[in-house]
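Student:
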Amino acid sequence: MGFILSIMKKCIFTIALFASTATIFGQAVANPASDLALCDIDNDGTEVFDLTVTVPEILGTQDPNNFIVEYFETLSDAIAGDDEILSPQSFANVANPQTIYVRVENSTNGDFDTTQFELMAISVPAVVTPTPLEVCDDDGDGFAAFDLSSKDAEIVNGDPSLGVFYHETLLDAQSGVNALLSPYVNIIAFTQTVFVRVEGLNGCITIVELTLIVNGLPDVQQPNNIFINEGDGDGVAVFDLKVNDNVIQGGVPQGEVFYFTALLDAIALTNPIETPEAFVNTENPQTIYVALQSSETGCYDASQSFVIATDEVDTPDSDNDGLPDAIEDVNNNGDLTDDDTDSDGTPNFQDEDDDGDGTRTADEDYNNSGSPTDDDTNANRVPDYLDDSVVLGIADDTFSSLSVFPNPSATHLNVSFGSILEEGTIEILSTNGTLLQQHSLQNSVRVRFNTTQLASGIYFIRIATNSGSITKKFIKK
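Spelled out as structure tokens, the structure:
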């Protein structure tokens, strides 16, 4: 009986020892792993993968301290344990897709198992970097509304499956937050870059930049009114409107000038006069509207107009100077009382000498065309009857060497007298006679004005001394 009991104890011990050994020297299990996919940033079919992220899934509940996990490019290598991938944390695939084989080996007893998974480099959306989105600046402040969505089709290159989103910052685009809505008003004046996030159905994205540009309008100048005296009194004449082309552009070619008979047409840039060089008026007087379109940006300014008129029995000419009252509305604002070119206190329509140069307006038809409005003997784009520099209105030669430059002026205007003026005043005036700047003359040879703050348009320089006074016109660009 004792012998039997002893044998039983040995058997129990052997069974316990085997169970303990099975735990220590157990079977290795390689559980299936999920495939790995990365967005292929440059669409070359290759990305760098961290293969080790699959370890928890492959081992499952097995203690990682007891098992060795290795990665191979072939199944035979995985079975043999040869040529494992040495840097599994940064493995660049050599095929797309590529199968990776995994060997899980018990570090104690050498038992192993294998599994596999796929690597896939997924193409990101193929997009086009868009051309700049440009709009015109109606108020000159550098800000405008942009229809960002108008660039969608260009960016996705005809692929309707792609989603397009616009962002102010690269970080927002990368994170996919704070998408902009159209219309969008730029927050950086004149030029700003926004970032476009394009999303594919596979979840991959591409980010490109879009430049927003706010283009200024061309620098359009006030055109001259045109009067033709045919002498037949029928109120109809043939006008060459294009004589104002150079005046409207300020003497600097900026683009194309269009003429219209209706303001709304000028604003919409539609229905221009087809033959402006031979336009027959349909009213007398008649207002002609102007649009100057930039040849560089396509933006245009339709803010100016002028009046054309011809002889007619009932055409008012209050000062009997040969120019109808409508023509003497130099600033074309419909108010005759605020046009006083020589700043003598008498509006032009009541003043026989509009420029104060001592020659009657009616007598400044130097080319004998029947109208002084097309006479510009010094080619400064100011009709002679409004330009006192053609004939000076004082007896002596005090101002014979007077020069005003540069004209047109952008930032500064110089007035050189040619000789010392002992005393007097020099002023800048608007076309309606408002005093804008003034300097006292004390033994002066030259005066320099800062014109930066002046709006574009026509202004007058008036110089008054004991010897007399003179008014000159200049253009602010």
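In this note's numbering, the protein residues as written are 664 to 1140.
Note that beta-carbon positions come from the ideal geometry of N, C-alpha and C, so glycine has one too.
Give me whichever residues DSSP pairs with residue 757 in a beta bridge.
Tutor: In the sequence shown, residue 757 corresponds to position 94, counting from 1. Answer by DSSP bridge pairing: none, since residue 757 is not bridged.
Student: Determine the closest residue to residue 781 out of 717, 849 and 704, with distance taken between C-alpha atoms.
Tutor: Residue 781 sits at position 118 when you count from the first residue of the sequence shown. It is 717 whose Cα lies nearest to the Cα of residue 781.
Student: Just how far apart, CA to CA, sit residue 830 and residue 840?
Tutor: In the sequence shown, the residue the question calls residue 830 occupies position 167. In the sequence shown, the residue the question calls residue 840 occupies position 177. So the two alpha carbons sit approximately 8 Å from each other.
Student: With residue 917 as the anchor, note down where its beta strand (DSSP E) starts and where it stops.
Tutor: For the purposes of this step, residue 917 is taken as residue 254 along the sequence shown, with counting starting at 1. Taken as a continuous stretch (DSSP letters only), residue 917 belongs to no beta strand (DSSP E), as it is neither H nor E.
Student: Quick check: residue 861 and residue 790, are their CB atoms within less than 8 Å of each other?
Tutor: Your numbering for residue 861 matches position 198 in the sequence shown. Your numbering for residue 790 matches position 127 in the sequence shown. The answer is yes: Cβ separation under 8 Å.
Student: To the nearest angstrom, how far is the alpha carbon of residue 886 from that of residue 908?
Tutor: Sequence index remark: in the sequence shown, residue 886 carries index 223 (1-based). Sequence index remark: in the sequence shown, residue 908 carries index 245 (1-based). Residue 886 and residue 908: Cα-Cα distance of roughly 8 Å.
Student: Taking all protein chains shown into account, decide if residue 1041 is buried (16 or more other Cβ within 10 angstroms of its Cβ) or exposed.
Tutor: Translated into the one-based positions of the sequence shown, residue 1041 becomes position 378. Residue 1041 is exposed by the Cβ-count criterion.
Student: How many angstroms separate the CA atom of residue 817 from the CA atom of residue 1114?
Tutor: In the sequence shown, counting from the first residue as 1, residue 817 sits at position 154. In the sequence shown, counting from the first residue as 1, residue 1114 sits at position 451. Approximately 44 Å, taken between the alpha carbons.
Student: Mapping DSSP to helix, strand and coil, what is residue 718?
Tutor: In the sequence shown, the residue the question calls residue 718 occupies position 55. Residue state, collapsed to three classes: helix.
Student: Is it buried or exposed for residue 946, if we count other Cβ within 10 angstroms and need 16 for buried?
Tutor: By 1-based counting over the sequence shown, the position of residue 946 is 283. Residue 946 should be labelled exposed.
Student: For residue 963 and residue 957, what's the separation of their Cα atoms in angstroms?
Tutor: Residue numbering aside, residue 963 sits at position 300 when the sequence shown is read from its first letter. Residue numbering aside, residue 957 sits at position 294 when the sequence shown is read from its first letter. Distance between the alpha carbons of residue 963 and residue 957 is about 6 Å.
Student: What residue ranges within the segment 1038–1118 form continuous beta strand (DSSP E) runs of no fewer than 3 residues, ordered along the chain?
Tutor: As far as the segment 1038–1118 is concerned, its whole beta strand (DSSP E) runs of at least 3 residues are 1066–1068, 1075–1092 and 1098–1113.
Student: Mind the definition here: the segment 840–853 touches the segment 989–1008 only if three or more C-beta pairs lie below 8 Å; say whether that holds.
Tutor: No: the two stretches stay apart, fewer than three of their Cβ pairs being nearer than 8 Å.
Student: If you run the structure through DSSP and keep just helix, strand and coil, what is residue 806?
Tutor: Translated into positions along the sequence shown, residue 806 becomes position 143. Of the three classes helix, strand and coil, the one that applies to residue 806 here is coil, per DSSP.
Student: Using the Cβ count rule (16 or more neighbours within 10 Å means buried), how would you classify residue 895?
Tutor: Walking along the sequence shown from the start, residue 895 turns up at place 232. Burial call: exposed.
Student: Smallest Cα separation from residue 649: which of 999, 1038, 1110 and 1017?
Tutor: The question about residue 649 has no answer, for the chain in this structure spans 664 to 1140.
Student: Considering only the alpha carbon of each residue, which of 826, 821, 1018 and 859 lies closest to residue 835?
Tutor: Working through the sequence shown from its first residue, we reach residue 835 at position 172. Comparing Cα-Cα distances from residue 835 to each of 826, 821, 1018 and 859, the minimum goes to 859.
Student: Looking only at its own chain, which residues have a Cβ that is under 7 Å from the Cβ of residue 700, when we skip the five neighbours before and after it?
Tutor: Within the sequence shown, the letter at position 37 stands for residue 700. Result list for residue 700: 783 and 785, in chain order.
Student: DSSP three-state call for residue 739: helix, strand or coil?
Tutor: Mapped onto the sequence shown, residue 739 falls at position 76. If DSSP states are grouped into helix, strand and coil, residue 739 belongs with the helices.
Student: Which residues in the same chain have their Cβ closer than 7 Å to the Cβ of residue 1112, if we skip the five residues on either side of it in sequence?
Tutor: The residue labelled residue 1112 in the question sits at position 449 within the sequence shown. Around residue 1112: 1075, 1076, 1091 and 1100.
Student: Nearest to residue 768 by CA position, among 752, 744, 826 and 714, is which residue?
Tutor: Looking up residue 768 in the sequence shown gives position 105. Closest by C-alpha distance to residue 768, out of 752, 744, 826 and 714, is 744.
Student: Tell me where the beta strand (DSSP E) around residue 693 begins and ends.
Tutor: Taking the sequence shown and counting its residues from 1, the one referred to as residue 693 is at position 30. From DSSP, residue 693 is part of no beta strand (DSSP E); its letter is neither H nor E.
Student: Indicate, with yes or no, if the ligand FAD has a heavy atom lying under 7 Å from the CB of residue 759.
Tutor: For the structure depicted, the ligand FAD is absent and the ligand set is empty, with no information on it obtainable.
Student: Should residue 1069 go down as buried or exposed, given a rule of 16 or more other Cβ atoms within 10 Å for buried?
Tutor: Reading the sequence shown from its first residue, position 406 is the one you call residue 1069. Residue 1069 comes out exposed.
Student: Considering only their Cβ atoms, is the gap separating residue 845 from residue 812 smaller than 8 Å?
Tutor: Counting from one through the sequence shown, the residue named residue 812 turns up at place 149. Counting from one through the sequence shown, the residue named residue 845 turns up at place 182. Taking 8 Å as the Cβ cut-off, residue 812 and residue 845 qualify as a contacting pair.
Student: Below 8 Å between beta carbons: does that hold for residue 788 and residue 825?
Tutor: Start at 1 with the first residue of the sequence shown, and residue 788 comes out as number 125. Start at 1 with the first residue of the sequence shown, and residue 825 comes out as number 162. Against a cut-off of 8 Å, the Cβ pair of residue 825 and residue 788 comes out as a contact.
Student: Here's the rule: buried if 16 or more other CB atoms are within 10 angstroms of the residue's CB, otherwise exposed. What is residue 795?
Tutor: Translated into the one-based positions of the sequence shown, residue 795 becomes position 132. Exposed, because fewer than 16 other Cβ atoms sit within 10 Å of the Cβ of residue 795.
Student: So who's on the other strand from residue 769, going by DSSP bridges?
Tutor: Position 106 of the sequence shown, counted from the start, is the residue given in the question as residue 769. Residue 769 pairs with 730.
Student: Throw me the rounded Cβ distance for the residue 978 and residue 891 pair, which I believe falls under 8 Å.
Tutor: Counting from one through the sequence shown, the residue named residue 978 turns up at place 315. Counting from one through the sequence shown, the residue named residue 891 turns up at place 228. With 8 Å as the limit, residue 978 and residue 891 do not qualify as a contact, their Cβ atoms being about 12 Å apart.
Student: Return the bridge partner residues of residue 784 from the DSSP annotation.
Tutor: Looking up residue 784 in the sequence shown gives position 121. Beta-bridge pairing links residue 784 to 701.
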